[in-house]
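Put into structure tokens, the structure is as follows:
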């Protein structure tokens, strides 16, 4: 599998040095929706993820941004193999997860953990914090002896910034930020190398968001973690990411290192997204130019022809309705899918 | 300019199993005709309950308004009879809620929901109200109005539903629109569309707006004046420019420092506010923010600071408000 790491269109960033830990190639996930009905007996296909390729180096954070329905969460779930990809490869530490037998997959899964958006619905309401963190440790046989396991739980609580007394609490007795810390402790219990963070702070209050982001950053340094950071908040993504991929309707519109994406966005969608984010300063806002996009994100059940962004694009031409743009290297290490560039 | 709305010493309480919650605690602020005022704060700070109190929609019997006045065009809404209040709701003061799907009636057509307020409040005939509905749908950017009027809310997307809510709120030409997190459930490009639309329409129609939000960016972009709430009280009050350029409450300062900004160089570390929001049934004796405050002094844990003038109409409820800029600047030097 050494060839797997040898070529990727997105890894040409000179500043990054770690080896590639995850490579996603041509990932496709289609969902079959409905079937029969008024439209003449054909079941519809939602192309949630439609040919996504990306790679992540050990120790870095790749931000994956986009609006609801763009496929960012589905991409994350395919990497976790919580969804079976329709086609494409998910190569983690040299092995293609889509070809593994269930037992092999289970062993690999330990190394890829997830932190969910809503810390309340992702914790079992009938289990205490200690039980929730201890269970996967026992299941995977990481620490077999009970007393040692409890010590490990205490250690994880402290790593996640929770007091020892929290061990006996139930989720409803915790605040939103504390629940998210439990989710983080539970993910760390597996000693993962890659964590898919799926909107980890968007359900939290502003003052708590910064606490959790800071915790995630500290943990990354401490345990050499790699993050796929899925989020819609472009300011947060900029803060945490080394590289950023922007998704629109199942495809990657632009991918590059953080500095280039935010300083010199190329794709018209990225530009519009950045312009839509209000800046917390009335003086800056008063003079800012705005590109407000027309219309809404089309349904992935019936995506537009050619470039999926063309109906909302401020610079679209006739050709955009026909030609599907491929992700091309517009500047060194800076890839965008737009024929106007 | 005369105030359109004056909230004076408003207090709203809820009786819960854990005790009395003072969701809104002796709060005063106002809105002038045509301006946009923001109520900012995190969940549980009392910003939504403030709006519900104005509309007199606080859920009884658990919740009740225990004191104060809400003067709208000089009349105290708290002294009105229920029928009098019903006349004002939706006509003079309208509300836009956060989650449009749960605030629209799923079994009535969009047309019915748009025409009903015009018929009830403005005494329009069905024909007149239909013309008005078509006109107002055009105003909020929903095309093909004739067909849309026959549809149900589930046939609209999230952004379209929020346009619909705005259309409903504007249908009777209100003087004041209360918008409770109007774009929180929406995507960022749609959020921009909706906010531009609301701002544009309120200017065109001369309606004042109260925006309730936790998003400091939205406030910066759209608000003329700002009230920052924490644990049921207003902790800072002023023009948007004053609040952002010269925050005089450590909570406001903390909020501004804890969010990453796209227009500034990426910071190495964010500066989070420590600790958790307070439990409103067990508030500390002094300032509710003191346990999380980086600048607190002894007095803070003993006495609740009143909302006092810093400069002109800029007010802060903090014992160290005067020294805050100096101490905050020194703080930045240390972390840098």
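Chains as they are written, first to last, in my numbering: chain A, 246 to 586; chain B, 608 to 943.
Ideal Cβ placement from N, Cα and C applies to all residues, glycine included.
Since the structure is predicted, the reported quantities are computational estimates derived from the model, not experimental observations.
Excluding sequence positions up to five before and after residue 575 (chain A), its CB lies within less than 7 Å of the CB of 511, 581 and 586, all in the same chain and listed in chain order.
As the crow flies, the alpha-carbon of residue 502 (chain A) is around 10 Å from that of residue 483 (chain A). Closer than 7 Å to the CB of residue 450 (chain A) there is at least one CB belonging to chain B. With a threshold of 16 other beta carbon atoms within 10 Å, residue 417 (chain A) falls short and is exposed.
For residue 321 (chain A), the enclosing alpha helix (DSSP H) has its first and last residue at 317-324. Going by DSSP, residue 499 (chain A) is part of the beta strand (DSSP E) stretching over 496-502. In this structure, residue 427 (chain A) places its C-beta atom within 7 Å of the C-beta atom of residue 374 (chain A). In the pairwise beta carbon analysis, the stretch 806-815 of chain B is classified as touching the stretch 641-655 of chain B: at least three pairs are separated by under 8 Å. Contacts with chain B (Cβ-Cβ distance below 7 Å) from the stretch 478-491 of chain A involve 479, 480, 481, 483 and 484, listed in chain order. Considering only A:290, A:489 and A:305, the residue with the shortest C-alpha distance to residue 469 (chain A) is A:305. In the displayed model, residue 633 (chain B) falls within a strand according to three-state DSSP. Contact check for residue 773 (chain B) against residue 790 (chain B) fails: the beta carbons are separated by 7 Å or more. Taking CB atoms only, residue 880 (chain B) has a neighbour in chain A less than 7 Å away.
For residue 680 (chain B), there is no enclosing alpha helix (DSSP H), as DSSP gives it neither H nor E. DSSP places residue 468 (chain A) inside the alpha helix (DSSP H), whose first and last residues are 451-468. The alpha-carbon separation between residue 485 (chain A) and residue 356 (chain A) amounts to approximately 21 Å. Take the alpha-carbon of residue 624 (chain B) and the one of residue 782 (chain B): they are about 38 Å apart. Looking at the DSSP output, residue 622 (chain B) bridges to B:627. Check the Cα spacing between residue 672 (chain B) and each of B:755, B:788, B:716 and B:627: the tightest is with B:627. Put simply, the CB of residue 543 (chain A) is far from chain B, with every gap to its CB atoms at 7 Å or more. Judged by DSSP secondary structure, residue 421 (chain A) falls within the alpha helix (DSSP H) whose first and last residues are 421-433.
The beta-carbon separation of residue 455 (chain A) and residue 879 (chain B), rounded to 3 Å, stays under the 8 Å limit for a contact.
It is roughly 42 Å from the alpha-carbon of residue 412 (chain A) to the alpha-carbon of residue 769 (chain B). Shown here, residue 826 (chain B) sits in a helix according to DSSP, grouped into three states.
Cα atoms of residue 884 (chain B) and residue 521 (chain A): separation of roughly 29 Å, rounded to the nearest angstrom.
With a cutoff of 7 Å on beta-carbon distance, residue 323 (chain A) and residue 493 (chain A) are scored as not near each other.
Looking at the DSSP output, residue 306 (chain A) bridges to A:472. Under the Cβ criterion of 7 Å, residue 463 (chain A) is not counted among the residues facing chain B.
Chain-order list of chain B residues neighbouring residue 519 (chain A): 869, by C-beta distance under 7 Å. For residue 459 (chain A), the nearest CB of chain B lies under 7 Å from its own CB, placing it at the interface with that chain. An exposed status is given to residue 813 (chain B), since fewer than 16 other beta-carbon atoms sit within 10 Å of its beta-carbon.
Runs of the beta strand (DSSP E) lying entirely within the stretch 742-788 of chain B, each at least 3 residues long, are 783-787 in chain order. Judged by their CB atoms, residue 792 (chain B) and residue 537 (chain A) are not nearer to each other than the 7 Å cut-off.
At a cut-off of 7 Å between C-beta atoms, residue 455 (chain A) counts as an interface residue with respect to chain B. For residue 576 (chain A), the enclosing beta strand (DSSP E) stretches over residues 573-576. Neighbours of residue 766 (chain B) in chain A, taken as residues whose beta carbon is under 8 Å from its own, are 541 in chain order.
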